[in-house]
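Numbering (our numbering), first residue to last: 78 to 259. Each residue gets a CB set at the ideal place from its N, CA and C atoms; glycine is no exception. Only one structure is covered here, and it is reproduced in the block below.
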Ligand code: FNR
């Protein structure tokens, strides 16, 4: 099976982000034919349509990384019942100029970690609306709404209580990417 590149977009830019810790542990469970590239979004300017014809180098980098991806995994916190602005900003950047969106057709999956009991369910639903509009075929199930708990990530790996659950999500996402990016 050919080598596949998964762009991982984490919706939190704080240093100790639970989502980043979770994402870094999750990608260790990807199959051997898949390599994860963490996409940087913390240094992007605020999206301004006036800059479409003269994008900042960070925007070009983001666009190139998404272009090079066979699949995209979004791992997002929930801020006030939606996705964080930094994530929406990155999505908007790579969706433009009009007709040149690099998200177009990329198979995707969404998941997320929050401290609250609903585990980013509403943020994920908002994100699904956005990426559906951007024509990203997105894994419908399993859904993964994670509440941060002691032991979720241990020594950089998913802890024993959640390992199998995460593996099922990863395996289904990998099959989704293999099918749609063939
Ligand atoms: C939050 N948090 C939060 N949690 C949740 O379950 N639902 C929500 O709507 C919100 N809203 C919210 C708004 C803002 C501005 C902040 C800063 C936080 C709490 C959130 O789950 C918690 O801060 C996580 O730790 C954020 O993810 P990272 O940064 O650890 O990946």
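Could you check where the beta strand (DSSP E) with residue 189 kicks off and where it finishes? 185-191
Which ranges would you report for the beta strand (DSSP E) in the region 93-140 if only whole runs of at least 3 residues count? 111-115
Over the uninterrupted alpha helix (DSSP H) stretch that includes residue 211, give me the two end residues. Note, residue 211: premise wrong, no alpha helix (DSSP H); not H, not E.
Cα-Cα separation, residue 119 to residue 87: 10 Å
Relative to the C-alpha of residue 238, which residue among 249, 141, 195, 223 is closest? From the listed residues 249, 141, 195, 223, the smallest Cα separation to residue 238 is found for 223.
Rounded to the nearest angstrom, how far is the Cβ of residue 148 from that of residue 258, given a contact under 8 Å? 6 Å
Proximity below 9 Å, CB of residue 154 to CB of residue 197: yes
Cβ-based burial, residue 96 [other Cβ within 10 Å; buried from 16]: buried
Just to be sure I understand the criterion: a residue counts if its Cβ is closer than 5 Å to at least one heavy atom of the ligand FNR. Which residues meet that? Spelled out in chain order, the answer is 89, 91, 94, 95, 96, 154, 155, 156, 157, 158, 191, 192, 193.
Buried or exposed for residue 81, going by 16 or more other Cβ atoms inside 10 Å? buried
DSSP beta-bridge partners of residue 224: 191
In this structure, does DSSP put residue 166 in helix, strand or coil? helix
In this structure, what does DSSP give as the bridge partners for residue 83? DSSP lists 113, 148 as partners of residue 83.
Pair within 9 Å by beta-carbon distance, residue 143 and residue 175: no
Using 8 Å as the threshold, is the region 197-213 in touch with the region 245-258, meaning 3 or more CB pairs across them? no
Out of 101, 189, 221, 235, which has the shortest C-alpha to C-alpha gap to residue 156? 189
Counterpart residues of residue 90 in DSSP-defined beta bridges: For residue 90, which the question treats as bridged, DSSP gives no partner whatsoever.
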